[in-house]
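In this note's numbering, the protein residues as written are 1042 to 1263. See below for the structure under consideration.
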Amino acid sequence: MPWYEPPVNEAMSSLGIPFGAPRSVTGQNLQYLKGQDGPVVIEDSQTVQGTLTADDLNVPAGTIQTADIADNAVTAAKLATMPAARVYNSGNLTIGSSNTNWNALTFNSERFDTDSIHDTGSNTGRLTCNTAGIYQISGAIASYATGGDLGVGIMLNGTYYIALHKQPFCTDSQETYLSISTLWQLAAGDYVELMVFQNSGGDVTVYYRSAYSPEFGMVRVG
1042 MPWYEPPVNE AMSSLGIPFG APRSVTGQNL QYLKGQDGPV VIEDSQTVQG
1092 TLTADDLNVP AGTIQTADIA DNAVTAAKLA TMPAARVYNS GNLTIGSSNT
1142 NWNALTFNSE RFDTDSIHDT GSNTGRLTCN TAGIYQISGA IASYATGGDL
1192 GVGIMLNGTY YIALHKQPFC TDSQETYLSI STLWQLAAGD YVELMVFQNS
1242 GGDVTVYYRS AYSPEFGMVR VG
């Protein structure tokens, strides 16, 4: 693998790598050479043995710009998995007539969880941030009553709401569907809960509906 600056050539010779002919180098060799003056040039026709790390290459931050990367050169399989979870409850949930305050829903099942965000054994109503960042947080419910209001909200750390939505129940014998979504910057250890409010004057059911009620999820977007 050719190098074109004299200091680098001398370094290659000291490693027993002949200059001027096709060759391959290991990550260890690159680790040694990166401290030499002048550029290290790796041509497309050459190979590098072993696994290289960022430390081996020692590329300064900002060196590789968007224009330097060919279209479709990096596939989805090479990108890190984003922290994300979507959970649901596999049965109906009852909100009692005396529960005129906001109530946290619980979720006994997971559609996916890439970062230990949810636990089906304890605090099942929580989605907990383990990787700090900006998250899209969403939830959805279906319910029915002949009067009163139905509300859904997202509460942070059991302290305050970061999103709220409330409206009257449908009065045409149809279920009422509510969904909610917000962006929020979470620190590691922060948790969110999906809250429900009703003041119909009687018990109401948050219905289990395949794929859309009750559902709760979040994904890191930045």
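The beta-carbon is built from N, C-alpha and C at its ideal position, and this holds for glycine as well. A quick note: this is a predicted structure, and the numbers were derived from the prediction, not measured.
Expected contact under 8 Å - CB spacing of residue i and residue j to nearest Å
{"i": "Asn1133", "j": "Asn1149", "result": "Actually they are not in contact, since the Cβ atoms of Asn1133 and Asn1149 sit about 12 Å apart, beyond 8 Å."}
{"i": "Gly1189", "j": "Phe1210", "result": "6 Å"}
{"i": "Ser1163", "j": "Gly1242", "result": "At roughly 33 Å, the Cβ-Cβ gap does not stay under 8 Å, so Ser1163 and Gly1242 are not in contact."}
{"i": "Asp1160", "j": "Ala1126", "result": "No, Asp1160 and Ala1126 are not in contact; Cβ-Cβ is about 10 Å, not under 8 Å."}
{"i": "Ala1173", "j": "Leu1227", "result": "6 Å"}
{"i": "Leu1191", "j": "Leu1219", "result": "6 Å"}
Contacts around residue i, its chain only, beta-carbon distance under 6 Å, and the 5 residues preceding and following it disregarded
{"i": "Tyr1248", "result": "Asn1133, Ala1183 and Ser1254"}
{"i": "Met1259", "result": "Leu1168, Tyr1176 and Ile1178"}
{"i": "Asp1244", "result": "Thr1135, Gly1137 and Ser1138"}
{"i": "Leu1197", "result": "Ile1203 and Val1233"}
Limits of the beta strand (DSSP E) - the one that residue i falls within
{"i": "Phe1257", "result": "Glu1256 to Arg1261"}
{"i": "Val1115", "result": "It is not in any beta strand (DSSP E) - Val1115 carries neither H nor E in the DSSP assignment."}
{"i": "His1206", "result": "Tyr1201 to Pro1209"}
{"i": "Gln1106", "result": "Neither: Gln1106 is in no beta strand (DSSP E) and is coded neither H nor E."}
{"i": "Glu1216", "result": "From DSSP, Glu1216 is part of no beta strand (DSSP E); its letter is neither H nor E."}
{"i": "Ala1126", "result": "Ala1125 to Tyr1129"}
{"i": "Phe1238", "result": "Tyr1232 to Gln1239"}
{"i": "Arg1167", "result": "Arg1167 to Thr1169"}
Residue i classed as buried or exposed, judged by whether at least 16 other C-beta atoms fall within 10 angstroms
{"i": "Arg1152", "result": "exposed"}
{"i": "Tyr1202", "result": "exposed"}
{"i": "Pro1063", "result": "For Pro1063, the predicted model reports a pLDDT of 48, less than 50, meaning its position is unreliable and no value from the coordinates is stated."}
{"i": "Ala1204", "result": "buried"}
{"i": "Val1262", "result": "exposed"}
{"i": "Pro1101", "result": "exposed"}
{"i": "Val1237", "result": "buried"}
{"i": "Asn1142", "result": "exposed"}
{"i": "Asn1113", "result": "exposed"}
{"i": "Ile1158", "result": "buried"}
{"i": "Val1128", "result": "buried"}
{"i": "Gln1239", "result": "buried"}
Own chain, CB closer than 8 Å to residue i, minus 5 neighbours either side, in chain order
{"i": "Glu1216", "result": "Ala1183, Ser1184, Tyr1185 and Tyr1248"}
{"i": "Thr1187", "result": "Phe1210, Thr1212 and Ser1241"}
Chain-order list of residues whose beta-carbon lies under 7 Å from that of residue i (same chain, five-residue window excluded)
{"i": "Tyr1165", "result": "At residue 1165 the sequence reads Thr, which differs from the Tyr that was named. Here the set comprises Thr1147, Phe1148 and Asn1149."}
- Message: For the region 1216 to 1224 against the region 1114 to 1130, do three or more pairs of beta-carbon atoms, one drawn from each stretch, fall closer than 8 Å, so that the two count as touching?
- Response: no
- Sufficient close CB pairs (3 or more, under 8 Å) joining the region 1159 to 1175 to the region 1228 to 1243: Yes, since at least three Cβ pairs between the region 1159 to 1175 and the region 1228 to 1243 fall closer than 8 Å, the two stretches touch.
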